[in-house]
Amino acid sequence: MGGGVPLPELKERQERKKAERELQSVMAGKATKPMSPALRKMIEEELQRKGALPPDVKPWDPKDNPRDAFDISNIRGAGRELFHSRDFELCLSGGFETGKTWSSCKKINALLWKYPGAQWVMTRKTYSSLIATAVQTYERVAGVGKPDCKIKAYGGNKPEWYDYPNGSRLWVAGFDNPQKVLSGERDGFYINQGEEFTLEEYETITGRATGRGSIMPYTQVVLDVNPGPPSHWILSRPSLKLIKAYLDDNPTLFEPAPEHVTAVCEEWPDIGDRGGIGRWTEQGKRSIGILDKMTGIRYQRYRKGNWVAAEGVVYENFDREKHTCEPFPIPESWTKIRVIDFGYTNPFVCLWAAIDPDGRIYVYREIYMTQMLVSEAARQIIDLSGEEKFDATICDHDAEDRATLAAMGIKSIPAWKKVKPGIDAVERRMKIAGDDRARISIFRNSIDSAVHRWTFPRTMPDPHLTEKKVPYCTAQEFEFYVWAKDVSGKPNKEEPVKEFDHGLDCLRYLVCYVD
Ligand SMILES: Nc1ncnc2c1ncn2[C@@H]1O[C@H](COP(=O)(O)OP(=O)(O)OP(=O)(O)O)[C@@H](O)[C@H]1O
Ligand SMILES: [Mg+2]
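According to my numbering, numbering within the sequence shown proceeds without interruption in unit steps and concludes at 1466.
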């Protein structure tokens, strides 16, 4: 028997070799991952040897991981189940404020600390909506920006990734830039508001978490969703584990009674949505006050967390897959039209539409904004339109508002406003033709394509609308625009409820003009 190298030493040598190979690829600019802990250690040792690093700087030690990253005493119900689950596809589904985003962020932050060198991606349909919501929650959960926090954000107020001192990284990217989301194999993906994704988009993501080259012993795709229609693909995917979240899972809203309390009493007067005894906090009472005021499917979905369809929707045949489309550059030669519906407390809407040589209508850009004066909107419309030429600008009838537009150089023609025939005309266009396509379609990034060229200090989606949890763009109105009910409670298919109709009114004016 030859005197072999002792095992620990052999392992160390192998690791060093690996780190050296990695160093070569880093030096050659070929590295695709953040530095491995082994390489980090090697470089730090080398720098220390050369006296370039103070002797007290050591590679990250897992025992220095922040304890609160693993503290889940405040994560309960659905969030707790999510935290412990190792299923590949996991989905937290529930109404508003049930703590879905908070719990998801808690989980991924803990995994990034636990597995040095792990890489996760946080994504949502658009980057602007992601940084306005989940990224802020993540920063609060992980303590980013606090004086003692060792996580470093890159990208300033447009964060692109977060580096952990153990070599882990959280990428932040919107699916309006899919290459950023999909470049490279990852340990996990967290998809915020997953119901906004099509099945096809979702599957391109799961295809990137197959475990090739992963650091974690298992890979995961975590979604948080608000319920949609029962026909949604999320409900018909057996491999996706669905966990329902309730309002009383959120500890800032509900405080459960200790176990020995077996009946409601003065101190513990409430029953939570899961049926347990406890009490709603002051914040909880405020939230319920707002959420309980919702009606129809919004109440069912966002207060109760149920996957239901609206009764008596006007455009029953609306299908997100068929009536919205991925953006593409509009050829200069296509006819273009703008349509405007005035509003101040209600949203002001302007749609930009183009007609292809076959007569198909594409809505390629939109403004959907409350509390914007017509004069401001006019400037914005002029800026966004740039060099584009329009066949017509069709407008709601308000004389004063039209005069304001005219004074700023936007000549308009009044819309043809008959409701029922207009709805019929839009429906005819929404029919799926022999080529499996509809004759009207809305770009999926309609509001983002406006924001990208925005020249005013405003953001879209309009925060007043996202806060009230009402539609913030035309495509979202379809599911909520319903017929009024007659005395017997049946939908009166002549007269829609005048609610969630701002973009859809524009669409109606547009179709009536074109057809
Ligand atoms: N476990 C928790 N610990 C502390 N605070 C929490 C916890 N869960 C929720 N919260 C608080 O409640 C707020 C709402 O929670 P969260 O954003 O996770 O709800 P959500 O279910 O994602 O809602 P939405 O459906 O509106 O996106 C959080 O911003 C946070 O302040
Ligand atoms: Mg959320």
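Every residue, glycine too, gets a C-beta built ideally from N, C-alpha and C. Computed from a predicted model, the values in this text were never measured in an experiment.
Determine whether the beta carbon atoms of Arg1120 and Asp1114 lie at a separation below 8 angstroms. Here residue 1120 is taken as the residue at index 169 of the sequence shown, counted from 1. Here residue 1114 is taken as the residue at index 163 of the sequence shown, counted from 1. In this structure, Asp1114 lies closer than 8 angstroms to Arg1120 by Cβ.
- Query: Skipping 5 residues on each side, what residues in its chain have a beta carbon closer than 6 angstroms to that of Arg1390?
  - Reply: As a working note, residue 1390 is residue 439 in the sequence shown. So the list reads Arg1311, Arg1380, once near-sequence residues are dropped.
query = Going by alpha carbons, who is nearest to Gln1171 out of His1348, Leu1063, Asp1466, Trp1258?
reply = On the sequence shown, residue 1171 is found 220 positions in, with the first residue counted as 1. Nearest option by C-alpha distance: Leu1063.
**Message:** For ligand 1, I want to know if Asn1257 counts as a neighbour, meaning its beta carbon is within less than 7 angstroms of at least one of the ligand's heavy atoms.
**Reply:** Here residue 1257 is taken as the residue at index 306 of the sequence shown, counted from 1. No, ligand 1 has no heavy atom inside 7 angstroms of this Cβ.
- Which residues bound the beta strand (DSSP E) around Thr1286? The count along the sequence shown starts at 1 and reaches residue 1286 at position 335. Following the DSSP letters along the chain, one finds Thr1286 inside the beta strand (DSSP E) bounded by residues 1286-1292.
Item checked: Length at least 4, wholly inside the segment 1255-1340: the alpha helix (DSSP H) runs in chain order -> At a cut-off of 4 residues, the continuous stretches assigned as alpha helix (DSSP H) that sit fully inside the segment 1255-1340 are 1271-1274, 1325-1336.
key: DSSP beta-bridge partners of Glu1120   = Along the sequence shown, one-based indexing puts residue 1120 at 169. Checking the displayed sequence, the identity of residue 1120 turns out to be Arg instead of Glu. Per DSSP, Gln1070, Asp1114.
Who are the near neighbours of Ile1142 in its chain, counting only those whose CB is closer than 6 angstroms to its CB and skipping five residues on each side?
Locating residue 1142 in the sequence shown gives position 191, where the first residue counts as 1. Only residues of its own chain outside the window of five on either side were considered, and among them Thr1074, Leu1174 have a CB closer than 6 angstroms to the CB of Ile1142, listed in chain order.
Practice task
Whole angstroms is fine: what's the gap from Ala1214's alpha carbon to Ala1029's?
Solution key: Sequence index remark: in the sequence shown, residue 1214 carries index 263 (1-based). Sequence index remark: in the sequence shown, residue 1029 carries index 78 (1-based). Separation of Ala1214 and Ala1029 (C-alpha to C-alpha, rounded to the nearest whole angstrom) is 24 angstroms.
Kindly indicate which three-state DSSP category Gly1125 falls into: helix, strand or coil? By 1-based counting over the sequence shown, the position of residue 1125 is 174. Looking at Gly1125 - three-state DSSP - the assignment turns out to be strand.
Item checked: Where Phe1034 sits in the DSSP three-state scheme -> For the purposes of this step, residue 1034 is identified with residue 83 of the sequence shown, where counting begins at 1. Reduced to three states, the DSSP call for Phe1034 is helix.
Following the continuous beta strand (DSSP E) through Trp1434, name the residue where it begins and the one where it ends. On the sequence shown, residue 1434 is found 483 positions in, with the first residue counted as 1. Residues 1434-1436.
Can you name, in chain order, every residue of its own chain whose Cβ lies under 8 angstroms from the Cβ of Lys1436, other than the five neighbours on each side? As a working note, residue 1436 is residue 485 in the sequence shown. Gly1263, Pro1442, Asn1443.
On the DSSP bridge assignment, give the partners of Gln1171 in chain order.
The residue labelled residue 1171 in the question sits at position 220 within the sequence shown. As a beta-bridge residue in DSSP terms, Gln1171 pairs with Gly1139.
query = With distances taken from CA atoms, which of Met986, Arg1409, Glu963, Gly1164 is nearest Gln924?
reply = The first residue shown for the chain is 952 and the last is 1466, placing residue 924 beyond what the model contains.
Point to revise | Supposed close pair Leu1081, Val1123 - CB separation, criterion 8 angstroms | key: The residue labelled residue 1081 in the question sits at position 130 within the sequence shown. The residue labelled residue 1123 in the question sits at position 172 within the sequence shown. Indeed, because the Cβ distance is near 7 angstroms, the residues count as touching under 8 angstroms.
_Span of the beta strand (DSSP E) around Thr1344_ = Walking along the sequence shown from the start, residue 1344 turns up at place 393. For Thr1344, the enclosing beta strand (DSSP E) begins and ends at 1343-1346.
For Arg1254 and Leu1043, the rounded distance between their alpha carbons: By 1-based counting over the sequence shown, the position of residue 1043 is 92. By 1-based counting over the sequence shown, the position of residue 1254 is 303. Leu1043 and Arg1254 have their C-alpha atoms some 15 angstroms from each other.
task: Kindly identify the DSSP beta-bridge partner or partners of Gly1229.
output: Here residue 1229 refers to the residue found at position 278 of the sequence shown. Its beta-bridge partners are Pro1207, Asp1221.
| said: Quick check: is any heavy atom of ligand 1 less than 7 angstroms from the C-beta of Trp1231? | reply: Counting from 1 along the sequence shown, the entry for residue 1231 is found at position 280. Every heavy atom of ligand 1 is 7 angstroms or more from the Cβ of Trp1231, so no.
**Asked** Within 7 angstroms: the Cβ of Asp1334 and any heavy atom of ligand 2?
**Response** On the sequence shown, position 383 is the one that residue 1334 refers to. No - ligand 2 has no heavy atom lying nearer than 7 angstroms to the Cβ of Asp1334.
For this session: Please classify Arg1353: is it buried, with 16 or more other beta-carbons within 10 angstroms of its beta-carbon, or exposed?
Result: In the sequence shown, the residue the question calls residue 1353 occupies position 402. Result: buried.
Considering only heavy atoms of ligand 2 and the C-beta of each residue, which residues fall inside 6 angstroms, strictly closer? Of all residues, those with a beta-carbon under 6 angstroms from at least one heavy atom of ligand 2 are Lys1051, Thr1052, Asp1175, reported in chain order.
Burial state of Arg1037 (16 or more Cβ within 10 Å): Within the sequence shown, the letter at position 86 stands for residue 1037. Note on Arg1037: under 16 other CB atoms within 10 angstroms of its CB, so exposed under the neighbour-count rule.
Which first and last residues belong to the beta strand (DSSP E) in which Ile1393 is found?
Position 442 of the sequence shown, counting from 1, holds the residue named residue 1393. Ile1393 -> beta strand (DSSP E) spans 1391-1394.
task = Decide yes or no for the touch test of the segment 1397-1406 against the segment 1332-1347: beta carbon pairs closer than 8 angstroms, at least 3 of them.
result = With a cut-off of 8 angstroms, the segment 1332-1347 and the segment 1397-1406 count as touching, because enough Cβ pairs lie within range.
Would you check if the segment 1275-1285 and the segment 1451-1460 touch, i.e. whether three or more CB-CB distances between them fall below 8 angstroms? Segment contact: the segment 1451-1460 against the segment 1275-1285, fewer than three CB-CB distances shorter than 8 angstroms; contact not assigned.
Can you look up Ile1023 in the DSSP assignment and give me helix, strand or coil? Taking the first residue of the sequence shown as position 1, residue 1023 is located at position 72. The DSSP-derived three-state label of Ile1023 is coil.
Check your understanding: Would Tyr1078 be called buried (16 or more neighbouring beta carbons within 10 Å of its own) or exposed?
Key -> By one-based count along the sequence shown, residue 1078 stands at place 127. If you draw a 10 Å sphere on the C-beta of Tyr1078, you find 16 or more other C-beta atoms in it, and that means buried.
Going along the chain, which residues of its own chain have a beta-carbon closer than 6 angstroms to the beta-carbon of Met986, five neighbours each way excluded? Reading the sequence shown from its first residue, position 35 is the one you call residue 986. For Met986, where only same-chain residues beyond five positions count, the Cβ hits under 6 angstroms are Gly1118.
What would DSSP say about Ile1104, mapped onto helix, strand or coil? For the purposes of this step, residue 1104 is taken as the residue at position 153 of the sequence shown. As written in the sequence, residue 1104 is Ala, which differs from the Ile given in the question. The answer is strand: DSSP assigns Ala1104 an E or B state.
| said: As a quick exercise: from Ala1350, Met993, Ser976, pick the residue whose alpha carbon is nearest that of Glu963. | reply: Position 12 of the sequence shown, counted from the first residue, corresponds to residue 963. Here the closest residue by C-alpha is Met993.
(message) If you reduce the DSSP assignment to three classes, tell me which class Ile1166 lands in.
(response) To locate residue 1166, count along the sequence shown from 1; it is residue 215. DSSP, read as helix, strand or coil, puts Ile1166 in coil.
C-alpha gap between Asp1347 and Glu1378, whole angstroms = Counted from its first residue, the sequence shown places residue 1347 at position 396. Counted from its first residue, the sequence shown places residue 1378 at position 427. If you draw a straight line from the Cα of Asp1347 to the Cα of Glu1378, it comes to about 21 angstroms.
Exercise. Would you give the residue range spanned by the beta strand (DSSP E) that Glu1430 belongs to?
Key: Sequence index remark: in the sequence shown, residue 1430 carries index 479 (1-based). Following the DSSP letters along the chain, one finds Glu1430 in no beta strand (DSSP E), marked with neither H nor E.
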